[in-house]
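Worksheet: one structure, shown below.
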Ligand SMILES: Cc1ncc(C[n+]2csc(CCOP(=O)(O)OP(=O)(O)O)c2C)c(N)n1
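Residue numbers (our numbering): -11 to 565.
Shown next, in the form of structure tokens:
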């Protein structure tokens, strides 16, 4: 059979629900084979970056590697941002690129290019993949595909790339006779009983312990055991931006989001905690602020992560436990269960004091003197109207932070955003991938007017497929997050965020694509507007107009401790947005 036919069969066997692509000469064999095989959907996007983000959205929702394909040259390079996003946020994904025929490659000649669109994507992609292959011989495809799928999902998940010359795609192979991949992966490291006992003893000593949940909980598929652990030990949980969906919003142990734009009560709580149990979080600067010594203080931190390099990286003096999360949490459950009666009421004063902080600093009061719609309030209204949604897929900017601070996540709902790459343009295509992965429930996308314009062409994909996708554009008519930064550090010179920037009327844009759309400008109209959108069964777009001067608060006062937040305390140093 042809290599391209084998790939189609392999993807079907792996139950990949859809392949996202933008066609080009060098992937025509693959597209044709997938079409003839018929089991895997082919979703044609309008930019390869969109295809990559859609694969990321699908990979995160299902745990099955998302697959995106692109032609050589510009198609392949257009994938790069999405590949990087998968790498930084631990998303399983397999990218397949077409390449010029082997005899057309420049090889060691001292020239830039021989074949039309010949581009060395394998070299380019190295720093942002777990592995990249060029398929040099047709018979290699069997082993490479097997290894690619195993690598993408094992250990810390991530992207891989397979570059396949055109003549290899159309070559005949006998799959039975091809060399196979024999797994060489070392046994995953696991937390020891001694580690678990140390954590138990530290918990029994602690007065104000916190669990810090990171994105690793979802990427390790450890949500079930994590919930069991929290219910057994009754220790409050703060989370990073990547773990907004680790606990339902109204879970009694949910102590909110920490970090640069974390909830005020959560940042206050973590600054008071005397013990931290960090599960699958990198403790990066957006979580801890820049005062790393202050963050550590004299408290104990147990840091569990599957990658040794992520522990004691920025925050030093942590107990390092290198382990996959699932076995670690199972071990903790086993060790802590006998102490659960003792632990249960151990921390009630602490839990109550966090509750006091929460009531004292509600997220919807952060922007007290805002004119028009309060975005934090709108997030509550939006999530209340969409309790049946499978996911909130959120772009990058202030709207991302308002969503993370204020969405009322329901059990099982996912929160997808671009964390490490922080790439504008993630929202719409990733929401397409999420919507195709969960066709029986709606997906809610939230984007800013700037981010939405980065991949706005995918409105056509949404319209063509008639997806049950509810798009919400928080339109402040500016690049708000960077505008806020300019307000803080550039005396309000809003070059390129407001000055020289513009956004269209998104309601009219959606209408042009044949998508139902509305605009809401008045706070009294928000409930009606979100109810209208919740009732739509096909694609819809709600444009929410807010003040261009709305800020995302609180914001950690950079250079100071976690308890110091703008606007009450100002930053000491300049930071990133
Ligand atoms: C691809 C990309 N380019 C630039 C940036 C820098 N950046 C971060 S947030 C932001 C503004 C986003 O504007 P918008 O989507 O309107 O959201 P808002 O902050 O107004 O809610 C910019 C330009 C980025 N994160 N990603």
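Even glycine gets a Cβ: it sits at the ideal position worked out from N, Cα and C.
This one's a predicted model, so the numbers in the text were calculated from it and none came from an experiment.
CB of residue 242 to nearest heavy atom of ligand 1: below 7 Å? Taking the first residue of the chain shown as 1, we reach residue 242 at position 254. No, ligand 1 has no heavy atom inside 7 Å of this Cβ.
Distance, Cα to Cα, residue 444 vs residue 147? As a position in the chain shown, residue 444 is number 456, starting the count at 1. As a position in the chain shown, residue 147 is number 159, starting the count at 1. The straight-line gap from Cα to Cα measures roughly 25 Å.
Mapping DSSP to helix, strand and coil, what is residue 543? In the chain shown, counting from the first residue as 1, residue 543 sits at position 555. Note: residue 543 maps to strand in three-state DSSP.
Span of the beta strand (DSSP E) around residue 107: Residue 107 sits at position 119 when you count from the first residue of the chain shown. Per DSSP, residue 107 belongs to no beta strand (DSSP E) and is neither H nor E.
On the criterion of 16 or more Cβ atoms from any shown chain inside 10 Å, does residue 233 qualify as buried, or is it exposed? Walking along the chain shown from the start, residue 233 turns up at place 245. Burial is judged here by how many other beta carbons sit within 10 angstroms of a residue's own beta carbon; residue 233 has at least 16 and is buried.
Consult DSSP for residue 409 and reduce its assignment to one of helix, strand or coil. For the purposes of this step, residue 409 is taken as the residue at position 421 of the chain shown. Three-state DSSP puts residue 409 in coil, outside helix and strand.
Return yes when at least one heavy atom of ligand 1 lies under 7 Å from the C-beta of residue 462, else no. Stepping through the chain shown from its first residue, residue 462 is reached at position 474. With a cut-off of 7 Å, the C-beta of residue 462 is classified as near ligand 1, since at least one heavy atom of the ligand falls inside that distance.
On the criterion of 16 or more Cβ atoms from any shown chain inside 10 Å, does residue 8 qualify as buried, or is it exposed? Residue mapping note: residue 8 aligns to position 20 of the chain shown, counting from 1. By the C-beta density criterion, residue 8 is buried, having at least 16 other C-beta atoms within 10 angstroms.
Is any heavy atom in ligand 1 found nearer than 7 Å to the beta carbon of residue 411? The residue you call residue 411 lines up with position 423 of the chain shown. It does: the Cβ of residue 411 is within 7 Å (strictly closer) of some heavy atom of ligand 1.
Relative to the C-alpha of residue 121, which residue among 23, 83, 30, 358 is closest? If you number the chain shown from 1, residue 121 lands on position 133. Closest in C-alpha terms to residue 121, from the list 23, 83, 30, 358, comes 83.
On the DSSP letters alone, give me the boundaries of the alpha helix (DSSP H) that residue 364 sits inside. Indexing the chain shown from 1 puts residue 364 at position 376. Per DSSP, residue 364 belongs to the alpha helix (DSSP H) from 363 to 373.
Is any non-hydrogen atom of ligand 1 found closer than 7 Å to the C-beta of residue 467, if you look at the structure I gave you? Mapped onto the chain shown, residue 467 falls at position 479. Yes; taking the cut-off as 7 Å, the Cβ of residue 467 has a heavy atom of ligand 1 nearer than that.
If you scan the region 19 to 58 from start to end, which runs of the alpha helix (DSSP H) of 4 or more residues do you find wholly inside it? Qualifying alpha helix (DSSP H) stretches, in chain order: 36 to 50.
Report the rounded CA-to-CA distance for residue 104 versus residue 495, giving the unit in angstroms. For the purposes of this step, residue 104 is taken as the residue at position 116 of the chain shown. For the purposes of this step, residue 495 is taken as the residue at position 507 of the chain shown. Approximately 41 Å between the Cα atoms of the pair.
Starting from residue 141, trace the alpha helix (DSSP H) both ways and give me its first and last residue. The residue given as residue 141 occupies position 153 in the chain shown. Here the alpha helix (DSSP H) through residue 141 covers 129 to 141.
What does the alpha-carbon distance come out to for the pair residue 566 and residue 439? The first residue shown for the chain is -11 and the last is 565, placing residue 566 beyond what the model contains.
Would you mind working out which of 4, 417, 52 sits nearest residue 36, comparing C-alpha positions? Taking the chain shown and counting its residues from 1, one reaches residue 36 at position 48. Closest by alpha carbon: 417.
Under 6 Å Cβ to Cβ from residue 56, same chain only, skipping five residues before and after it: list those, please. Sequence index remark: in the chain shown, residue 56 carries index 68 (1-based). Result list for residue 56: 8, 39, 40, 43, 83, in chain order.
From the DSSP secondary-structure annotation, give me the bridge partner or partners of residue 463. If you number the chain shown from 1, residue 463 lands on position 475. Note: residue 463 sits in a beta bridge opposite 533.
Burial state of residue 441 (16 or more Cβ within 10 Å): The residue you call residue 441 lines up with position 453 of the chain shown. Counting Cβ neighbours within 10 Å, residue 441 comes out buried, since at least 16 surround it.
Restricting to Cα atoms, I'd like to know which of 151, 297, 22, 473 is closest to residue 67. Reading the chain shown from its first residue, position 79 is the one you call residue 67. The candidate whose alpha carbon is nearest that of residue 67 is 151.
Roughly how far, in whole angstroms, is the beta-carbon of residue 76 from the beta-carbon of residue 408, given that I think they are within contact range, below 8 Å? Along the chain shown, read from residue 1 onward, the residue named residue 76 stands at position 88. Along the chain shown, read from residue 1 onward, the residue named residue 408 stands at position 420. The pair is a contact, with the Cβ atoms about 3 Å apart (cut-off 8 Å).
Should residue 474 be counted as a contact of ligand 1 given a C-beta to heavy atom distance under 7 Å? Translated into the one-based positions of the chain shown, residue 474 becomes position 486. Remark: the C-beta of residue 474 is outside contact range of ligand 1, defined as less than 7 Å to any heavy atom.
Any alpha helix (DSSP H) of 4 or more consecutive residues that is wholly inside the region 232 to 291: Listed in chain order, they are 252 to 260, 273 to 276, 280 to 284.
Close Cβ partners of residue 167 (< 8 Å) along its chain, the five nearest in sequence each way excluded: As a first step, residue 167 must be located in the chain shown, where it is residue number 179. Cβ within range, chain order: 127, 128, 130, 131.
State buried or exposed for residue 227, treating a residue as buried only when at least 16 other CB atoms are found within 10 Å of its CB. Translated into the one-based positions of the chain shown, residue 227 becomes position 239. By the Cβ neighbour-count rule, residue 227 is buried, with 16 or more other Cβ atoms within 10 Å of its own.
How many Å lie between residue 507 and residue 467 at the Cα? On the chain shown, residue 507 is found 519 positions in, with the first residue counted as 1. On the chain shown, residue 467 is found 479 positions in, with the first residue counted as 1. Each residue's alpha carbon lies about 19 Å from the other.
Use the C-beta contact count for residue 211: other C-beta atoms within 10 angstroms, 16 or more gives buried, fewer gives exposed. Within the chain shown, numbered from 1, the residue matching residue 211 stands at position 223. It counts as buried.
May I ask you to list the residues that DSSP assigns as paired with residue 153? Here residue 153 is taken as the residue at index 165 of the chain shown, counted from 1. 87.
With 16 other CB atoms within 10 Å as the buried threshold, where does residue 304 fall? On the chain shown, position 316 is the one that residue 304 refers to. It is exposed - the Cβ of residue 304 has fewer than 16 other Cβ atoms within 10 Å.
Between residue 159 and the rest of its own chain, which residues show a CB-CB distance below 6 Å, the 5 nearest in sequence each way excluded? Looking up residue 159 in the chain shown gives position 171. Around residue 159: -9, 126.
To the nearest angstrom, report how far apart residue 321 and residue 0 are at their CA atoms. One-based indexing of the chain shown puts residue 321 at position 333. One-based indexing of the chain shown puts residue 0 at position 12. Rounded to whole angstroms, residue 321 to residue 0 spans 37 Å at the Cα level.
Would you list the residues sitting across from residue 437 in a DSSP beta bridge? Along the chain shown, one-based indexing puts residue 437 at 449. DSSP output for residue 437 lists no bridge partner at all.
Output the distance between the C-alpha atoms of residue 574 and residue 224, rounded to the nearest integer angstrom. Past the edges of the chain, shown from -11 to 565, lies residue 574, and the structure says nothing about it.
Among 23, 529, 533, 51, which has the Cα closest to the Cα of residue 426? What you label residue 426 is simply residue 438 of the chain shown in a count that begins at 1. Among 23, 529, 533, 51, the Cα nearest to that of residue 426 belongs to 51.
Residue environment, residue 26, which counts as buried when at least 16 other CB atoms sit within 10 Å: In the chain shown, the residue the question calls residue 26 occupies position 38. So residue 26 ends up on the exposed side.
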